[in-house]
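Protein chains in written order, with my numbering: chain A, 1 to 45; chain B, 1001 to 1165. Glycine residues also receive a C-beta, built at the ideal position from the N, C-alpha and C atoms. Structure first, then comments.
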């Protein structure tokens, strides 16, 4: 665990994900992925 | 159209495709926090199962995304036996279908190293955390090593969370 924390992994986020059901984890991932895709398609003003 | 991996996987389950979620998306199922842009599945590459897969993807405009010209997926009982991997793009996102996983073996071994999980009211199979770590260690690309750090931390957190006795 110490290795992960020293590497910069946010353990609190992993804990939060563990408290979710697999369906909830995938829904959150999908929101994040859609955001990434939206940003990728965004045009510079 | 935006990708929608849960809907893509539900289609496969509803059609009766024999498969296991592997790769980075399996890590997401287990609780990893990274974002992955495709879904990897290991599946039975029998022509019958691949034809069921094709039926499940009908209407989603599946194409071979690694081929010049992005040829449409057009499997027949004759050519379905020729494939070992399918790297597809669909209206619901990238879907990579593999007949084996490095470090684990072919579909039978992968299926034995999987567990059922409930997603959107369906039962899907996903690699166990231990098997996913083994597979990621075997791949050993920078992003795999990154994932292994999270997966190991996840395993430790789960062990700590288990009731004693």
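Linking residue 1004(B) to residue 4(A) through their CA atoms gives a straight-line distance of about 30 Å. In this structure, residue 14(A) lies near residue 1157(B), with their beta-carbon atoms less than 7 Å apart. Listed along chain A, the residues sitting closer than 9 Å to residue 1118(B) by beta-carbon distance are 21, 22 and 23. Taking a C-beta distance under 7 Å as the contact criterion, residue 1017(B) and residue 1057(B) do not qualify as a contact pair.
According to the DSSP secondary-structure assignment, residue 1122(B) is paired through a beta bridge with 1119(B). The C-beta distance from residue 1130(B) to residue 1136(B) rounds to 11 Å, too long to fall under 8 Å, and the pair is not in contact. At a beta-carbon threshold of 8 Å, none of the residues of chain B lie near residue 6(A); the nearest stands roughly 10 Å away. Pairing residue 1087(B) with residue 18(A), the inter-Cα distance amounts to about 30 Å. At the C-beta level, residue 1102(B) and residue 1113(B) stay beyond 7 Å of one another. With a minimum length of 4 residues, the unbroken runs of alpha helix (DSSP H) contained wholly in the region 1019-1075 of chain B fall at 1023-1030 and 1047-1056.
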